[in-house]
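Structure first, then comments.
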Amino acid sequence: MTALHTPATLNLVPFVSVDHMMKLVLHLGVERVLADLAGYIADDFRRWPEFDKTPRIAAHSPDGVIELMPAADRRAYGFKYVNGHPKNTASGRQTVTAFGMLADVATGYPVLLTEMTILTALRTAAMSALAARHLAPEGAATMAIIGNGAQSEFQALAFRALLGIDRLRLWDTDPAATAKFRRNLDGAGFTITTCRSAEAAVEGAEIITTVTADKRRATILSDNMVGAGVHLNAVGGDCPGKTELAAGILTRADIFVEYAPQTRIEGEIQQLAPDHPVTEFWQVLTGDAPGRRAADAVTLFDSVGFAIEDFSALRYIRDRVAETPFAQDLDLLADPDDPRDLYGMVMRAG
Ligand SMILES: NC(=O)c1ccc[n+]([C@@H]2O[C@H](COP(=O)([O-])OP(=O)(O)OC[C@H]3O[C@@H](n4cnc5c(N)ncnc54)[C@H](O)[C@@H]3O)[C@@H](O)[C@H]2O)c1
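Taken in order, the sequence shown gives residues 1 to 350; the numbers are from full-length UniProt numbering.
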């Protein structure tokens, strides 16, 4: 097996800072990045059986969770560190922050270290839109977005890039979040309606995205709010004891998940029996399972975020950043002249 990356100097690892990630995304264009990421995710999902997979390793505390998300194929190994702390925004912090690494399986040497807070928002939105392209009703044009925080604009742009959705109906318990969303996407070509409740937001929407943050069993959508033919993109319920949908919706929906062993712990389906039938979305991409069965079916993408999506995102950034100035070399790996003389290298530094 050949190495993925052979840098001139073995101690150096390309590092993409937040500043460089923003410049890279603007250089490429947000919607192009979202479409490209969906392509990378689809490519990796189609070869699902080739991956080493595990539910993410979660450390829970009263106000949040810290998670490690590893995935590997025969060439590359990736992991992401990510947190989820819904109360963080009150102290000026993000609910979700992340960074991650891609390494060469042949040598174990890292080939990329990168910020992943922005990248997580991009890959989550790309994943949602990719799933919706196969599950949403044909000709869908209107999406309700309930929860207008950090992830929300990315979701809107991904659904336009992949499905052509250009009508948005917004609701957030904090009007400042909705005002922020409108400011950010003002003049971007969407028709945006600010709604007075979640009930009002879902009126006439063929797609409903729930992307709220609250560490409890919330009921963002009750059973009577979801009519026939709707596609639900449920993003915010992603931890034990943290859900967004009434259980009654789940029992009449066709449910699609990323990786069932993880989603049964973390997703909306934690509310259901452990053997409730669900479809892993990769099977829809490979043609092994149907997507939307009927115009009047309620489909649910029970998104929690899976490590292969981050692996795909890391691969994408490694491929794209190489052609740009938006990375810096980080002195991350000890590289003694004689590989066995690590101690001598330390002493010579004195
Ligand atoms: N599935 C995934 O892959 C994935 C990836 C990233 C984030 N998430 C989850 O998505 C959620 C949103 O993340 P974020 O970074 O946008 O968080 P955020 O804190 O920036 O925004 C959340 C928004 O939800 C609003 N909200 C809270 N309760 C509400 C309610 N009952 N009705 C309407 N709005 C409500 C808040 O006012 C806030 O504006 C989090 O729960 C996060 O854990 C999931």
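Note that the Cβ used here is the ideal one computed from N, Cα and C, for glycine as well.
Between ligand 1 and the CB of G84, the shortest heavy atom gap is smaller than 6 Å. Under DSSP, Y77 forms a beta bridge with A72, A103.
Where E266 is concerned, the enclosing alpha helix (DSSP H) starts and stops at 260-266. For A158, the enclosing alpha helix (DSSP H) has its first and last residue at 152-163. S312 is a Cβ neighbour of I41, given a cutoff of 7 Å. Distance from the Cα of N224 is smallest, within the candidate group R252, N233, G236, V211, for R252. The straight-line gap separating the alpha-carbon atoms of L232 and F79 is approximately 28 Å. When the five nearest sequence neighbours on each side are left out, the beta carbons in the same chain lying within less than 6 Å of the beta carbon of K87 are those of D63, in order along the chain. In terms of side-chain proximity, the C-beta atom of V202 is found no nearer than 6 Å to any non-hydrogen atom of ligand 1. Looking from the CA of E266, the closest CA among G248, L112, F306 belongs to F306.
Put simply, the backbone Cα of V346 is about 27 Å away from that of V105. Within a 10 Å sphere around the beta-carbon of Q270 sit 16 or more other beta-carbons, which makes this residue buried. By the criterion of at least three beta-carbon pairs nearer than 8 Å, the region 313-321 is in contact with the region 96-115. D335 has its alpha-carbon roughly 57 Å from the corresponding atom of A201. With a threshold of 16 other beta carbon atoms within 10 Å, M69 meets it and is buried. Here A140 is buried. Its C-beta has 16 or more other C-beta atoms within 10 Å.
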